[in-house]
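Novice: Below is a structure I'd like to ask you about.
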Amino acid sequence: MPAKYNIAVKDTLPRFYPIGKYSTVEFREDCAGSCRECVKKKCVYDIFKKNYLHMSTMEDPEYLYECKSCFRCVQECTKGIFSRIINPEYRTLGDDYWRPDIIHTTWYQAHTGKVPVSGAGYRGPFSGKGFDSMWTDMSEIVRPTRDGIHGREYINTSIELSRRPDHLNFNTDGSLATIEMPILEIPVPILFQMPSFGILSKNVLISILNAAKEIGTRVFINPDDLTDSDSPEDRLKNVTLNLNNNELKKYAENIIFCLAKNNYADHKDLIKKSSIIEMQYSPGIEKEFGKLKTIKENLIISVGIPLDSNACATARKLAEAGVDTLHFYADNKGRELDSENPRFIKDMLRDIHTGLVKASLRRMVNILVTGGIALAEHVNKAIICGADGVVIDSPLLIAMECRLCTRCENGLSCPVKLESIDPDYGSQRIVNLMGAWRNQMLEMLGAMGLREVRRLRGEVGRSMWFEDLEKESFSPIFGERKQAQYTE
-1 MPAKYNIAVK
9 DTLPRFYPIG
19 KYSTVEFRED
29 CAGSCRECVK
39 KKCVYDIFKK
49 NYLHMSTMED
59 PEYLYECKSC
69 FRCVQECTKG
79 IFSRIINPEY
89 RTLGDDYWRP
99 DIIHTTWYQA
109 HTGKVPVSGA
119 GYRGPFSGKG
129 FDSMWTDMSE
139 IVRPTRDGIH
149 GREYINTSIE
159 LSRRPDHLNF
169 NTDGSLATIE
179 MPILEIPVPI
189 LFQMPSFGIL
199 SKNVLISILN
209 AAKEIGTRVF
219 INPDDLTDSD
229 SPEDRLKNVT
239 LNLNNNELKK
249 YAENIIFCLA
259 KNNYADHKDL
269 IKKSSIIEMQ
279 YSPGIEKEFG
289 KLKTIKENLI
299 ISVGIPLDSN
309 ACATARKLAE
319 AGVDTLHFYA
329 DNKGRELDSE
339 NPRFIKDMLR
349 DIHTGLVKAS
359 LRRMVNILVT
369 GGIALAEHVN
379 KAIICGADGV
389 VIDSPLLIAM
399 ECRLCTRCEN
409 GLSCPVKLES
419 IDPDYGSQRI
429 VNLMGAWRNQ
439 MLEMLGAMGL
449 REVRRLRGEV
459 GRSMWFEDLE
469 KESFSPIFGE
479 RKQAQYTE
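FYI, in the numbering used here the residues of the sequence shown are -1 to 486.
Have a look at this one:
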């Protein structure tokens, strides 16, 4: 890994006309057309200039997608001919968690590779559900040279996936007596996995693998999903990831194969060629660790664990058994599994992390979490809650222009034809998104005065929680809530 890691981004235009947030109402009959200081010429984002270029080529206008809603044109037009309204189609994107603004922001970052800008500022609620009830505290900057993406000091974003010894022992001559463990490090605290929905064609898989190879991260893949079928029926069933062994060789260092107790013996060749694998959790899975080590001595083992009410106890048991990485799976909205009143991952992670700290096990193992990671800020917030890194799936599809319309789940065609996406194009969109996310992480770490992301792990003092602030501010006056606020 290079001394100074960087993600190279480049402008990658959308293949299909994106759905913009705002529609423009322009009363041109009231425009004299002769204003020397026309506000259209003053637009700092050249929205109207680009619109005229699109009109000259008979293409759909793009300014509704790129408009930052700074309202300068509305406020400064001397004739008052402009007005802004919400695009009705925009409201149909996504769902209650994967909101239209998240999809729209992800498209922009995948397009440009830049940190998103909002000209109108934040006008949402003071607090919301999930990560929206948690804020990062960046008021204690200690060195101005650590100013994120523009800093003169390098900020390290790498994490480890391998186990660390609790302490080191030395011989009388000063040499190391502790057995050296294999070290597996990735340069960003973000890993990929194949989404659980959508048209997952071979081109989509290659796009994800190419992006993972480009930025140096890993992809969780179930080898049983790699079939030889390429029929339209199978494509809609999400099982067509047909890659042969020769195609997989170039991605060997970027794949984490997901196995289970009942099938890992059928994949011994894969295990021998892999530096790390993931085992699906089941009772007694820790007894298989020794057998896996006989197949490959220095194998790094991750265990995929459902994020349910038993997650804390399971984490401690597996950490004591010698696992390298604990990978917790929440649902697609970041909620606890199999619960009538599910908790959000930020609260679950906090309990798991503190439980391992109290048992003196936390520094040895790594924690990854899947589910509900939709924005760059969610990565840092998950790490503050106790994770080492996150695993994403839905943002990968959104980066490739997916609208989360669920048409594919109903057997209908994809409006952006994901099944035929060019892998080079798709991978660059994902790389752009990761570049924008990493830059936002650097900005937050720089503002906190931190030089590496590992220093952020479990640092809840770097955050503010609505529940805690509410209790501190209002419980002396009104008393505590009889029922905890539901934070989905």
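Backbone N, C-alpha and C define an ideal beta-carbon position, used for all residues, glycine too.
On a predicted model such as this, the values are computed, not experimentally measured, just so you know.
In the DSSP output, which residue or residues are listed as bridge partners for V301?
Specialist: Partner(s): M277, L324.
Novice: Taking the beta strand (DSSP E) that I101 belongs to, which residues open and close that run?
Specialist: From DSSP, I101 is part of no beta strand (DSSP E) but of the alpha helix (DSSP H) over 98 to 110.
Novice: Can you name the start and end residues of the alpha helix (DSSP H) that L257 belongs to?
Specialist: Counting along the chain, L257 falls outside any alpha helix (DSSP H), though it belongs to the beta strand (DSSP E) covering 253 to 257.
Novice: Any Cβ of chain D within less than 9 Å of the Cβ of A372?
Specialist: Protein chain content of the structure displayed is limited to a single chain, and chain D is not contained in it.
Novice: When you compare the region 421 to 431 with the region 208 to 223, are there three or more beta-carbon pairs, one atom per stretch, that lie closer than 8 Å?
Specialist: yes
Novice: Between I79 and K47, what straight-line distance do the alpha-carbon atoms span, to the nearest angstrom?
Specialist: Cα to Cα, the separation comes out at about 17 Å.
Novice: Tell me whether G433 sits in a helix, a strand or coil according to DSSP, three-state version.
Specialist: Here G433 sits in helix by DSSP.
Novice: Quick check for students: name the residue ranges of the beta strand (DSSP E) that lie wholly in the region 320 to 399, counting only runs of 3 or more.
Specialist: Within the region 320 to 399, the complete beta strand (DSSP E) runs of at least 3 residues are 323 to 327, 364 to 368, 387 to 390.
Novice: So G332 and G370 are supposed to be a Cβ contact under 8 Å. How far apart are they, rounded?
Specialist: 2 Å
Novice: Excluding the 5 residues preceding and the 5 following L88 in the sequence, name in chain order all residues of the same chain whose CB lies nearer than 6 Å to its CB.
Specialist: What sits at residue 88 in the sequence shown is Tyr, not Leu. Short of 6 Å from the beta carbon of Y88, and not among the five residues preceding or following it, lie these beta carbons of its own chain, in chain order: I17, K19, P98.
Novice: Going by the beta-carbon positions, is the gap between P12 and W96 smaller than 9 Å?
Specialist: no
Novice: Looking only at its chain, what residues have a beta carbon closer than 7 Å to the beta carbon of G387, apart from the 5 residues adjacent to it on each side?
Specialist: I157, P187, I188, L189, L366
Novice: Could you compute how far the alpha carbon of D466 sits from the alpha carbon of N169?
Specialist: 49 Å
Novice: Please classify N378 as buried or exposed, where buried requires at least 16 neighbouring CB atoms within 10 angstroms.
Specialist: N378 should be labelled buried.
Novice: Is it the case that the Cβ atoms of Y327 and L305 are separated by a distance below 9 Å?
Specialist: Yes.
Novice: Per the contact definition of three or more C-beta pairs closer than 8 Å, is the region 436 to 446 in contact with the region 345 to 364?
Specialist: Not touching, per the Cβ criterion.
Novice: Would you report the Cα separation of L416 and I396, rounded to the nearest angstrom?
Specialist: 10 Å
Novice: Can you give me the start and stop residues for the alpha helix (DSSP H) that V217 sits inside?
Specialist: That residue, V217, is in no alpha helix (DSSP H); its beta strand (DSSP E) goes 217 to 219.
Novice: Where does I206 fall in DSSP's three states?
Specialist: helix
Novice: Am I right that V301 and I283 are in contact with their C-beta atoms under 8 Å? What's the rounded C-beta distance?
Specialist: 6 Å
Novice: Is it buried or exposed, T292, if we count other Cβ atoms within 10 angstroms and call 16 or more buried?
Specialist: With fewer than 16 other Cβ atoms within 10 Å, it is exposed.
Novice: Tell me which residue opens and which closes the alpha helix (DSSP H) that L290 is part of.
Specialist: 287 to 293
Novice: Find out if the Cβ-Cβ distance for the pair V389, Q107 is shorter than 9 Å.
Specialist: no
Novice: Assuming the contact rule is C-beta atoms closer than 8 Å, N487 and S392 should be a hit. Round their C-beta distance to whole Å, please.
Specialist: Past the boundaries of the shown model lies residue 487; the chain is included only from -1 to 486, so the question cannot be answered.
Novice: M136 by DSSP, collapsed to three states: which one?
Specialist: coil
Novice: Measure from the alpha carbon of I5 to the alpha carbon of each residue in Q73, T215, E399, then state which is nearest.
Specialist: T215
Novice: Provide the residue span of the alpha helix (DSSP H) that contains R70, from first to last.
Specialist: 70 to 74
Novice: Mind checking A372: buried by the 16 CB within 10 Å criterion, or exposed?
Specialist: buried
Novice: On the CB-based measure, 16 or more other CB atoms within 10 Å of its CB, does P281 come out buried or exposed?
Specialist: Answer is exposed; the Cβ neighbour count stays below 16.
Novice: Sort N167, S173, P180 by Cα distance to L159 and report the nearest one.
Specialist: P180
Novice: Note the first and the last residue of the continuous alpha helix (DSSP H) segment covering S471.
Specialist: 464 to 476
Novice: Under 6 Å Cβ to Cβ from M136, same chain only, skipping five residues before and after it: list those, please.
Specialist: Excluding positions up to five away in sequence, the list reads A445, M446.
Novice: Look up V37 in the DSSP assignment and say whether it is helix, strand or coil.
Specialist: It is helical.
Novice: Could you check what DSSP says for R491 in three-state terms: helix, strand or coil?
Specialist: Residue 491 is absent from the model: the chain starts at -1 and stops at 486.
Novice: What is the DSSP secondary structure of V458, reduced to helix, strand or coil?
Specialist: helix
Novice: Is DSSP giving S411 helix, strand or coil here?
Specialist: Here S411 sits in coil by DSSP.
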